[in-house]
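Participant:
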Amino acid sequence: MLDLNFVRGNLGKVEEKLRARGADPEALLGNFHSLDQRRREAITQAEQLKARRNELSQQVGALKKAGKNDEAAAVMDETRALKDKLDELDTAATALDEELRQSLARVPNLTRDEVPAGTSEADNVVIKTWGTKRNFDFEPKPHWEIGEGLGILDLERAAKLSGARFAVYMGAGARLERALISFMLDMHTQQHGYTEVLPPFMVNSKSLYGTGQLPKFADDLFRCSDADAESAAAGAYKDNDHWLIPTAEVPVTNLYRDEILEEARLPICLTAYTPCFRAEAGAAGKDTRGIIRQHQFQKVELVKFTKPEDSDAEHEKLTRNAEEILEALEFPYRRMLLCTGDTGFSSAKTFDLEVWLPGQQVYREISSCSNFESFQARRANIRFKPGGLKAKNEFVHTLNGSGLAVGRTWLAILENYQQADGSVRIPEALKPYMGGLEAISK
RNA sequence: GGAGGGAUGGGUGAGCGGUUGAAACCGGCGGUCUUGAAAACCGUUGUACUCGAAAGGGUACCGGGGGUUCGAAUCCCUCUCCCUCCGCCA
Numbered sequence: 016m017l018d019l020n021f022v023r024g025n026l027g028k029v030e031e032k033l034r035a036r037g038a039d040p041e042a043l044l045g046n047f048h049s050l051d052q053r054r055r056e057a058i059t060q061a062e063q064l065k066a067r068r069n070e071l072s073q074q075v076g077a078l079k080k081a082g083k084n085d086e087a088a089a090v091m092d093e094t095r096a097l098k099d100k101l102d103e104l105d106t107a108a109t110a111l112d113e114e115l116r117q118s119l120a121r122v123p124n125l126t127r128d129e130v131p132a133g134t135s136e137a138d139n140v141v142i143k144t145w146g147t148k149r150n151f152d153f154e155p156k157p158h159w160e161i162g163e164g165l166g167i168l169d170l171e172r173a174a175k176l177s178g179a180r181f182a183v184y185m186g187a188g189a190r191l192e193r194a195l196i197s198f199m200l201d202m203h204t205q206q207h208g209y210t211e212v213l214p215p216f217m218v219n220s221k222s223l224y225g226t227g228q229l230p231k232f233a234d235d236l237f238r239c240s241d242a243d244a245e246s247a248a249a250g251a252y253k254d255n256d257h258w259l260i261p262t263a264e265v266p267v268t269n270l271y272r273d274e275i276l277e278e279a280r281l282p283i284c285l286t287a288y289t290p291c292f293r294a295e296a297g298a299a300g301k302d303t304r305g306i307i308r309q310h311q312f313q314k315v316e317l318v319k320f321t322k323p324e325d326s327d328a329e330h331e332k333l334t335r336n337a338e339e340i341l342e343a344l345e346f347p348y349r350r351m352l353l354c355t356g357d358t359g360f361s362s363a364k365t366f367d368l369e370v371w372l373p374g375q376q377v378y379r380e381i382s383s384c385s386n387f388e389s390f391q392a393r394r395a396n397i398r399f400k401p402g403g404l405k406a407k408n409e410f411v412h413t414l415n416g417s418g419l420a421v422g423r424t425w426l427a428i429l430e431n432y433q434q435a436d437g438s439v440r441i442p443e444a445l446k447p448y449m450g451g452l453e454a455i456s457k
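In the working numbering, the protein residues as written are 16 to 457.
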């Protein structure tokens, strides 16, 4: 959420930044000025009447104490007469306030000035490229052919169990997924200084609001049937409903919702393995082969809470921490700076890491590392207490990134480490996690 | 699932219809003392919105929502969460 005062004072800039994203400022904020104006007038009117009521009520107390019951009764009558008008003004003020809040909740974060202008992923900018693409003396296959050939990936039976966009991993394939999770968590906890978290895989609406998935992106999520569908459809979510998490970002960032952190504790660096559940609404027909795009996938996530002035440096570090996994596994990859049109709703600046997939001859996103600045912190009310004379609590900056998407790492291993005979070599760094296994073969 | 008890500021915890935005203690910040520190003492210390050029006002907030009342942290209803006991259970 953007700061109301900032929007009010910088409406032109906000509109410009929204246009840069390809959003329509008219649709999002069209009547902001007049709405804000009407809201403030309504609040002022209601508050003036409340002040009057409070003043009279105090008089009643004083008169009664003094034994002047007749006079008290007269004042009580006068106050009672205020009631209808007060209800009316209060209702109007509350409605306008709510309207403003809801419209603000749907406004995306403003992208940083260094984010390149653009309308789609085609406009993302390559920041760097790492590694050398392997030369194959045979035609490299896509991962679904390799995985099914080795009997470690079973998409047909997954479809029987759950439908399209699910996978079953078998034997060394299942172990490879588990090995990757342990490898990534170990590296982040032992070498990069993160603390491991195992959060719930279901969260309530409030948490999803805090990180920005709600209210705008409900269609992308799986909602559990204990939710009150009727009120949810109306945009009014209950406190005790449950949704499957689309990423560990949601539970981990919300860990400190409505809390005030000690400055000395910052930055807080957390890493979490979780499955992620995404409805992939609107992705029909996209990436239907293989396991690139799934309703359930596993991911190791990195999350940071920082002081505002540190978030840029921590963003770079976090992105490096994800890159180091790719480098340890010796994958050719590149780092992209997402353009304004491709940067996510809550993010001010995002780097995507794309891994080379020789079976498909493309770079594919395997990590997305974002600086949300105070956008999520404001929604989730996560503050810190600055030391010294700066007494006022401030919103932290939140950041997160995949470190990495495990399913996509799994398929990247198949495609990059495949052999002519259909077997797959195990990357050096992963061998200890695979019980010393050299290769997966039939 | 059943029966009880709770939820108050950064923390612990009083208040149970009218100068209570909220005692006290702890913590934080500033100061006195000290070569420095500690101790002791003194002062200070919530958030959001809103009016105002400012000084300074106003409103709301004691888990959430609703109600009673001239007036609610305090009474009533309801929801959520936590604790204790019983039952069930990976």
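C-beta atoms are modelled at their ideal positions from N, C-alpha and C, and glycine is treated no differently.
Residue range of the alpha helix (DSSP H) that residue 202 falls in?
Facilitator: Per DSSP, residue 202 belongs to the alpha helix (DSSP H) from 187-205.
Participant: Spatial neighbours of residue 423 within its chain, please: CB distance less than 6 Å, with the 5 preceding and 5 following residues excluded, ordered by chain position.
Facilitator: 381, listed in sequence order.
Participant: Assess, as a yes-or-no matter, whether the segment 372-388 is touched by the segment 164-180 under the definition of 3 or more beta carbon pairs within less than 8 Å.
Facilitator: With a cut-off of 8 Å, the segment 372-388 and the segment 164-180 do not count as touching, because too few Cβ pairs lie within range.
Participant: Runs of 3 residues minimum, wholly inside the segment 297-382: which ones carry the beta strand (DSSP E) assignment?
Facilitator: Counting whole runs of 3 or more residues, the segment 297-382 contains the beta strand (DSSP E) stretches 311-321, 348-352, 364-372.
Participant: When burial is assigned at 16 or more other CB atoms within 10 Å of the CB, is residue 377 buried or exposed?
Facilitator: By the neighbour-count rule (16 or more Cβ atoms within 10 Å), residue 377 is not buried but exposed.
Participant: By the three-class DSSP mapping on this structure, what secondary structure does residue 232 have?
Facilitator: The answer is coil: DSSP assigns residue 232 none of H, G, I, E or B.
Participant: Have a look at 273, 295, 226 and flag the residue whose alpha-carbon is nearest the alpha-carbon of residue 234.
Facilitator: For the residues 273, 295, 226, the minimum Cα distance to residue 234 belongs to 295.
Participant: Below 6 Å CB to CB, which residues in the same chain sit around residue 221 once its five sequence neighbours on both sides are set aside?
Facilitator: Answer for residue 221: no residue qualifies.
Participant: Going by alpha carbons, who is nearest to residue 259 out of 210, 314, 293?
Facilitator: Taking only the C-alpha atoms, the option nearest residue 259 is 293.
Participant: Per DSSP, what kind of secondary structure is residue 143 in: helix, strand or coil?
Facilitator: The answer is strand: DSSP assigns residue 143 an E or B state.
Participant: What are the partner residues of residue 439, as DSSP defines its beta bridges?
Facilitator: Answer by DSSP bridge pairing, in chain order: 433, 455.
Participant: Determine, using beta-carbon pairs with one atom in the segment 132-141 and one in the segment 406-413, whether at least three such pairs fall under 8 Å.
Facilitator: They do not touch, by the three-pair rule.
Participant: Are the CB atoms of residue 350 and residue 130 within a distance shorter than 9 Å?
Facilitator: In this structure, residue 350 does not lie closer than 9 Å to residue 130 by Cβ.
Participant: Residues bridged to residue 397 by DSSP?
Facilitator: Answer is 274, bridged to residue 397.
Participant: Leaving out five residues on either side along the sequence, give the residues of the same chain with a beta carbon under 8 Å from the beta carbon of residue 282.
Facilitator: Same-chain partners within the cutoff: 319, 320, 321, 322, 325, 329.
Participant: Please confirm if the segment 353-362 is in contact with the segment 431-451, defined as three or more CB-CB distances below 8 Å between the two stretches.
Facilitator: Flag = no, the segment 353-362 and the segment 431-451 do not touch.
Participant: What is the DSSP secondary structure of residue 47, reduced to helix, strand or coil?
Facilitator: Reduced to three states, the DSSP call for residue 47 is helix.
Participant: By the three-class DSSP mapping on this structure, what secondary structure does residue 153 have?
Facilitator: Residue 153 falls in the coil class under three-state DSSP.
Participant: So is residue 433 buried or exposed if we call it buried at 16+ other beta carbons inside 10 Å?
Facilitator: Burial call: buried.
Participant: Between the Cα of residue 278 and those of 418, 50, 398, 167, spot the shortest distance and give me the residue it belongs to.
Facilitator: It is 398 whose Cα lies nearest to the Cα of residue 278.
Participant: Helix, strand or coil for residue 418? Go by DSSP, reduced to three states.
Facilitator: Three-state DSSP puts residue 418 in a strand.
Participant: To the nearest whole angstrom, what separates the beta carbons of residue 316 and residue 395, a pair I think is in contact under 8 Å?
Facilitator: That pair is no contact at about 16 Å.
Participant: With 16 other CB atoms within 10 Å as the buried threshold, where does residue 386 fall?
Facilitator: That one is buried.
Participant: From the DSSP output, which residues share a beta bridge with residue 288?
Facilitator: DSSP output for residue 288 lists 315 as bridge partner(s).
Participant: Would you check if there are 3 or more beta carbon pairs closer than 8 Å linking the segment 299-310 to the segment 156-164?
Facilitator: Yes, the segment 299-310 is in contact with the segment 156-164.
Participant: On the DSSP bridge list, what partners appear for residue 257?
Facilitator: Paired residues: none, contrary to the question.
Participant: Which two residues bound the contiguous beta strand (DSSP E) that contains residue 136?
Facilitator: Segment: none, residue 136 is in no beta strand (DSSP E) and carries neither H nor E.
Participant: Quick one, are the C-beta atoms of residue 43 and residue 118 less than 9 Å apart?
Facilitator: For residue 43 and residue 118, yes; Cβs fall inside 9 Å.
Participant: From the DSSP output, in three-state form, read off residue 16 for me.
Facilitator: Three-state result, residue 16: coil.
Participant: For a test of the three-state rule: what should DSSP assign to residue 181, helix, strand or coil?
Facilitator: The answer is coil: DSSP assigns residue 181 none of H, G, I, E or B.
Participant: With a Cβ-Cβ cutoff of 9 Å, do residue 332 and residue 420 count as a contact?
Facilitator: Not closer than 9 Å, so no.
Participant: What do you reckon, are the CB atoms on residue 211 and residue 286 nearer than 9 Å?
Facilitator: Yes; because the gap between Cβ atoms is below 9 Å, this pair is in contact.
Participant: So, residue 344 versus residue 427, is the Cβ gap smaller than 9 Å?
Facilitator: Yes. Within cutoff.
Participant: On the three-state DSSP scale, how would you describe residue 94?
Facilitator: In this structure, residue 94 counts as helix in the three-state DSSP scheme.
Participant: Along the chain, where does the beta strand (DSSP E) containing residue 210 start, and where does it finish?
Facilitator: Per DSSP, residue 210 belongs to the beta strand (DSSP E) from 210-212.
Participant: Evaluate contact between the segment 31-43 and the segment 85-105, counting only Cβ atoms and requiring at least three cross-stretch pairs below 8 Å.
Facilitator: Result no; under three Cβ-Cβ pairs closer than 8 Å.
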